[in-house]
Every structure is written in structure tokens, then in C-alpha cells.
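Protein chains: 2
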Amino acid sequence: MQRNTRQREVIRRAFERAARPLSPQQLLALAQQEMPSLGLATVYRSLKALSEEGWLTTVELPGSIQHYEIAGQAHHHHFHCRACDGVFEVHGCPPRIDQLTPRGFKLEQHEIVLYGLCADCSRAA
Amino acid sequence: MQRNTRQREVIRRAFERAARPLSPQQLLALAQQEMPSLGLATVYRSLKALSEEGWLTTVELPGSIQHYEIAGQAHHHHFHCRACDGVFEVHGCPPRIDQLTPRGFKLEQHEIVLYGLCADCSRAA
DNA sequence: ATGATAATGATAATAGCTTCTCATTATCAT
DNA sequence: ATGATAATGAGAAGCTATTATCATTATCAT
């Protein structure tokens, strides 16, 4: 049976506050602001549990480890800041992307990742 | 001083034959068809050397390790087959992709990856 | 309030990929 | 043809990210 622990709540809140995909380490850092004793193992356990119960989904990014974000959102893509390494949501999706599919291939999904500087890092540069 | 070894030639040929991005392991398997004694360390050393001399570039794919492809090609994207794990080139690029960029962000590059089944795997399914 | 036990935190262990080591081999300027 | 040495192959070692272990703590049905 599943228990409602304080750390699990802290982790959920961290995702809600961030409102963007987080890596395990980023999540740990963020959640430790509220609960400094939080351990990395608990972060991994919670990510697994929250994914299995459908509250989180995984985000795969080129050249980076797996990230997680709150599930159930509308179709969207991501912007990966090369300076702060943060990942941001991007709304919208170019039309006709399926027309890129080579003949004979069966397209099932697609991923678009934009790179550059986020607003904060762009301002700081 | 750099030497022209047989294994380096075999590796170059493997990329030319494949005409698509390869992971170190995929490259090893392909090159070993021509030279079974080829070792993994040589593959890594060659990938590094060929990248440094500009003959190869790296391809980053979501949820996968770094791949390599022959450099100097026109802007293109990739199709990742979930069945055979092969990566294929996709020509063309949807217009207006820069319009997805959130306000204040500075877009420097983008990556599009299509997922599904390649022609061969699609036929076999 | 209490007890069964799920969850935690610290750390050890694992797994996958890449790099290093080193004795041996192959290249190539001479 | 020969010798200096770059490159190779096999395996050890290293790195990172993730999972397992285990004694301790916290949850929650009773």
C-alpha cells in the first residue's frame, strides 16, 4: 500500500513550482530548498512511482539524461538553454511535419528541441 | 604525425556505405564485416580523430548515445526506428520553426527527430 | 496510542559507455 | 630495407547515472 510521505509531497510541489521538465539532480536541488535532508535515492524512487501512477512522464532530450514533467499536458516541445541547462516548454508545432517522413517509413511520433539561450540567460549575456 | 592505417580506411568506408549516422557499436559491427579483428578501442580512437579533422560530426539523439555522421552535409534531420534502432536522414525542414521560440529566448539551432518504423521494419511488421 | 510495514537516507553496488594502459604491430620517411 | 614511432587490440580502469541494500524512521489502519 502506498503512503503519503512528506518527501513525496515536496517533490510534487517542486514540479508544480518549476512548471518545466526537471532532471533528477535538478529536482533534488529544487526540492532540497524546501527539505534539505531529502536524499537522491528518494528522488529516484519518487520519479519511478509518480511515473507509474501516471502523474509524471519522461522527456528525452538529445545529449542529456532523462527528464521528467507533469503528465497530461497538451502536445508541446522543448527549448534547451545551453547556458543554464534548463529545459522550457514550447507551445505550438509546425504543420506538415509528417511530410518529412521518407517513403515507406511509418511515423509514430516526433520530437522537436530548440537550442539557444533562455530569457534569463539571454538577458545576462 | 598521422598514419593511414587499414582500420581507419575500413571505418571511413563503413560510414560511406551506411550513408547514415552510426553509434560506436553499430560502426564496430559494420566495420568488422570487412575486418573482423577490429577492436572497439580503435573505433573510439578513430571517431575522435575523424571528428577532430572535421570528417565526422556528432549527432545527438533523444534517449540514445552519441552517433556520428559524415560532416558537411546540408541541413537535415533524422528518423529513429524503434524496431531496429537505426537512424536515417530526413531531408527538408518545416518552415517557421523559429516562430516557436518563446519571447525573450534566443534561438541558435534546432533538432527534429521522427520516430516510428523504417521502411524495412515497417514491411516486416 | 500502537504496531505492521512502507518509505527514507546513506552508501554500496551495478550497468553502460568511454578512455587509458601497455605490449605488440604496422606505417612510412629515410 | 630499416628504424623511429604512431596505431592497434585486449582488457583494465574510470565515469555517470541509476538501482539495491539495510538499518532506521514515519505513516496510517486499527
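Chains as they are written, first to last, in numbering that gives the first Met the number 0: chain A, 0 to 124; chain B, 0 to 124. We treat Cβ as the ideally placed atom computed from N, Cα and C, and that holds for glycine.
For A:H66, which of A:A73, A:L55 and A:D97 has the nearest alpha-carbon?
-> The shortest Cα separation from A:H66 among A:A73, A:L55 and A:D97 belongs to A:L55.
Mapping DSSP to helix, strand and coil, what is B:C83?
-> Here DSSP, grouped into helix, strand and coil, assigns B:C83 to coil.
Could you name the residues of chain B that A:H76 contacts, counting a contact when the two beta carbons are closer than 8 Å?
-> What A:H76 touches in chain B: L99.
Helix, strand or coil at B:L49 according to DSSP, with G and I counted as helix | Residue state, collapsed to three classes: helix.
Chain-ordered residues of the segment 48-68 of chain A with a beta carbon less than 9 Å from chain B | Residues passing the 9 Å Cβ filter: T57, V58, E59, L60, P61, G62, S63 and Q65.
What are the boundary residues of the alpha helix (DSSP H) that A:L26 is part of?
-> Per DSSP, the continuous alpha helix (DSSP H) segment holding A:L26 begins and ends at P23 to Q31.
Amino acids of chain B, ordered along the chain, whose beta-carbon sits closer than 7 Å to that of A:L151 | It is not possible to answer for residue 151 of chain A, since the shown part of chain A is limited to 0 through 124.
Show which residues of chain B have a CB atom less than 7 Å away from the CB atom of A:L27.
-> Neighbours of A:L27 across chain B, judged by C-beta separation under 7 Å, do not exist; the nearest C-beta is about 21 Å away.
Give the residues of chain A in contact with B:S22, contact being defined as C-beta atoms less than 9 Å apart.
-> Those do not exist, as B:S22 stays about 14 Å from chain A at its closest Cβ, beyond 9 Å.
Span of the beta strand (DSSP E) around A:E68 | From DSSP, the beta strand (DSSP E) with A:E68 extends over H66 to I69.
Compare the Cα-Cα distances from A:P93 to each of B:V89, B:H90 and B:T100 and report the closest residue.
-> The residue from B:V89, B:H90 and B:T100 with its alpha-carbon nearest to that of A:P93 is B:T100.
I think A:H75 touches A:V89, with their Cβ atoms under 8 Å apart; what is that distance to the nearest whole Å?
-> That pair is a contact at about 6 Å.
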